[in-house]
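Peer 1: To start, I am sharing the structure in question, which I have written as structure tokens.
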Amino acid sequence: MKNKIYILFIALGMFFSLPTNAQNGSNQNKAKQIDAIKIGYLTRRLDLSTEESQKFWPVYNQYQQEMQDINRQRKAARAQNGDDANKLVDDDFRYEDKILDLKKKYRNEFKKVLSPEKIKSLYVAERDFREELIKQLKNRRENN
């Protein structure tokens, strides 16, 4: 387990040590690199068999796409609402509800391809990955 986390740190460290170039293309490449690292990380943390991987990743990718869509909508709503605090808070609650509904929906989808223990491990691994990514970003900003 420690080796897996160590490998993640190395991969993220290598990723964040890359020079930044043209923003749009570079951001897309970085997002793809992060996704690739995340796929490897989740596969190792969940200890997915070949059969599980074949069933899991299409479902997970759809889940991620729908989550990104909700987050894009949320960001657009925030920009559109400007300084209207009441509207911003109401929208945040509405988007949190959407995210919760999506998680419930996909929990049922994940049950079709993973054991309950692996589903729990998925949520923990996602959180751990996100926390490590944020930590790496903070370290990079502090060092620049």
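Residue numbers (mature numbering (1 follows the signal peptide of the UniProt record, and there is no 0)): -22 to -1, 1 to 122.
Heads up, the beta-carbon is just placed ideally off N, CA and C, and yes, glycines get one too.
Counting along the chain, where does the alpha helix (DSSP H) carrying Lys65 start and finish?
Peer 2: Looking up residue 65 in the sequence shown gives position 87. Per DSSP, Lys65 belongs to the alpha helix (DSSP H) from Ala63 to Lys89.
Peer 1: What would DSSP say about Val115, mapped onto helix, strand or coil?
Peer 2: As a working note, residue 115 is residue 137 in the sequence shown. First, the amino acid is wrong: residue 115 is Leu here, not Val. Reduced to three states, the DSSP call for Leu115 is helix.
Peer 1: Can you round the beta-carbon distance between Asn96 and Leu24 to whole angstroms, since I take them to be within the 8 Å contact cut?
Peer 2: Along the sequence shown, read from residue 1 onward, the residue named residue 96 stands at position 118. Along the sequence shown, read from residue 1 onward, the residue named residue 24 stands at position 46. Here residue 96 turns out to be Lys, not Asn, going by the sequence shown. Confirmed, Cβ separation roughly 5 Å.
Peer 1: Rounded to a whole number of angstroms, what is the C-alpha to C-alpha distance between Phe88 and Gln6?
Peer 2: As a first step, residue 88 is located in the sequence shown; it is residue number 110 there, counting from the start. As a first step, residue 6 is located in the sequence shown; it is residue number 28 there, counting from the start. Answer to the nearest angstrom: the Cα atoms are 28 Å apart.
Peer 1: Are the beta-carbon atoms belonging to residue 139 and Glu29 less than 9 Å from one another?
Peer 2: Any question about residue 139 goes unanswered here, given that the chain covers just -22 to 122.
Peer 1: Start and end of the alpha helix (DSSP H) containing Ser31?
Peer 2: Here residue 31 refers to the residue found at position 53 when the sequence shown is read from its first residue. Unbroken alpha helix (DSSP H) run through Ser31: Thr28 to Asn59.
Peer 1: For Tyr38, which of Ile17, Ser27 and Ala57 has the nearest alpha-carbon?
Peer 2: Residue 38 sits at position 60 when you count from the first residue of the sequence shown. Selected option, being the one with the closest Cα: Ile17.
Peer 1: Assuming Leu66 contacts Arg56 (C-beta within less than 8 Å), just tell me the rounded distance between them.
Peer 2: Locating residue 66 in the sequence shown gives position 88, where the first residue counts as 1. Locating residue 56 in the sequence shown gives position 78, where the first residue counts as 1. Yes, they are in contact, since the Cβ atoms of Leu66 and Arg56 sit about 6 Å apart, within 8 Å.
Peer 1: Are the CB atoms of Ile112 and Lys76 nearer to each other than 9 Å?
Peer 2: As a working mapping, residue 112 is identified with position 134 in the sequence shown. As a working mapping, residue 76 is identified with position 98 in the sequence shown. Against a cut-off of 9 Å, the Cβ pair of Lys76 and Ile112 comes out as no contact.
Peer 1: Secondary structure at Ser93, three-state DSSP: helix, strand or coil?
Peer 2: Counting from one through the sequence shown, the residue named residue 93 turns up at place 115. Residue state, collapsed to three classes: coil.
Peer 1: Run through DSSP, which three-state label would Asp25 get?
Peer 2: Here the question's residue 25 lines up with position 47 in the sequence shown. Asp25: coil per DSSP, three-state reduction.
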